[in-house]
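Written below as structure tokens is the structure these notes are about.
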Ligand code: FA5
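Numbering (this note's numbering), first residue to last: 180 to 519.
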């Protein structure tokens, strides 16, 4: 009996594959297997012999099944490891021989390219680049900029309202407030970013577009400082003379406020859908910071003053590359993007 058990155990342990093991299991543990053979003549045994045989069969069953289960689970974990190995994928491994896909390598979006150029310029002039949340509080987007709830200026920017006095920021000006609150005076900061307005889209208006805010707070800042920085910005971006005009503009957070327009570079000033046939494109509203805004952010207007501007970054990109429809910029159309 013991020989029978030993050879059955050896056969199980000698199985080289899961399939072989399964075949051995049927032979050894199945209905015609070793255990069945040992039970066959039980009827002919005495009660004592039967008890001893039963005990032996139970122990044999345990050791055969134990050997089978141990080997089975080894085969299963080997198979799993093999599968994981074959499915392993490292996207960062450079391709050795595969040709590049037909689309070729990617490139920076034209808005990002110009945004980074402007960031470099302002960093070289001592400005910090700040970031602010796209989901803003009503306080930062409006109240702290001197636009209280019932102020008609709230209608100047159609707002996507969210729950609990939150909104999608309508301009990058709330980052001015965050900059003043966090850093205090003296302050030189710019804040590029995406803004949202609930308005209908046409050749020069998007519901989602980019602005670049700028602010300088110091002692004795003048309109002369403001125009210096505006001129530096435009000559750096356009690298040639561009015709601009400055006219009075109303924004509750600046006083005096200006609108700096650029002669439309799509039509050369003769009139087109981008400039709404006027020959001019609104690009760079700006002004001296309203003392009330400084006070609300904890800055003493008797000691400090400053300027702020809110560049229409998307429109600047349109002017720089003579893009005749703002919708191209977010179209994701590769025929358009490959040109940059
Ligand atoms: C503002 O958003 C003020 N926060 C700007 C500002 C900042 C003024 C600091 C004074 C001091 P305005 O709504 O005009 O202002 O927008 C600023 C610029 O964003 C516009 O001149 C224009 O170039 C661009 N712009 C406005 N609406 C759109 C739009 N729907 N699509 C694309 N560009 C737009």
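Just so it is clear, CB atoms sit at the ideal spot from N, CA and C, and this is done for glycine as well. All figures in this text were calculated on a predicted structure; none of them were measured in a lab.
Asked	Found
beta-carbon residue 430 near the ligand FA5 non-hydrogen atom, thresh 8 Å	yes
In DSSP terms, what residue 369 is bridged to	308, 393
Under the three-state DSSP convention, the category residue 445 falls into	coil
Reduced DSSP category for residue 320 - H, G, I as helix; E, B as strand; rest coil	helix
Cβ pair count under 8 Å reaching 3, the stretch 358-365 against the stretch 374-383	no
Distance between residue 264 and residue 210 (C-alpha atoms, nearest Å)	38 Å
Whole-angstrom C-beta distance between residue 207 and residue 213, which should lie under 8 Å	5 Å
Any non-hydrogen atom of the ligand FA5 within 8 Å of residue 335 CB	yes
Closest by C-alpha distance to residue 513, when choosing among 283, 227, 249, 271	283
Near the ligand FA5: residue 465 beta-carbon under 8 Å from a heavy atom	yes
CB of residue 435 within 9 Å of CB of residue 402, strictly	yes
Interface flag, residue 459 vs chain D, CB-CB below 9 Å	Looking for chain D here will not work: only one protein chain is present.
heavy atom of the ligand FA5 below 8 Å from residue 316 C-beta	no
Segment limits, beta strand (DSSP E) that includes residue 485	484-491
Closer than 8 Å: residue 382 CB and nearest the ligand FA5 heavy atom	no
Candidates 191, 229, 198, 220, of which the one nearest residue 244 by Cα	191
Which residues DSSP lists as bridging residue 188, in chain order	Answer by DSSP bridge pairing: none, since residue 188 is not bridged.
Cβ shell of residue 354 (< 6 Å), same chain only, five flanking positions each side left out	309, 311, 370, 392
Pair within 9 Å by beta-carbon distance, residue 438 and residue 463	yes
Straight-line gap, residue 285 to residue 474 (C-alpha atoms, nearest Å)	46 Å
Burial state of residue 331 (16 or more Cβ within 10 Å)	exposed
Three-state secondary structure (DSSP) of residue 295	helix
Simplified DSSP assignment, three categories, for residue 315	strand
Nearest residue (CA-CA) to residue 382, options 250, 319, 453	453
Of the listed residues 429, 411, 444, nearest to residue 422 (C-alpha basis)	444
Per DSSP, cross-strand counterpart(s) of residue 424	440
Start-to-end residues for the beta strand (DSSP E) that takes in residue 270	It is not in any beta strand (DSSP E) - residue 270 carries neither H nor E in the DSSP assignment.
Three-state class that DSSP yields for residue 331 in the structure shown	helix
Residue 325 and residue 432 closer than 9 Å at C-beta	yes
Residue 462 beta carbon near the ligand FA5 (any heavy atom closer than 8 Å)	yes
Status (buried if at least 16 other CB within 10 Å, exposed otherwise) for residue 289	buried
Distance cut-off 8 Å: residue 496 Cβ against heavy atoms of the ligand FA5	no
Reduced DSSP secondary structure (H/G/I, E/B, other) of residue 345	strand
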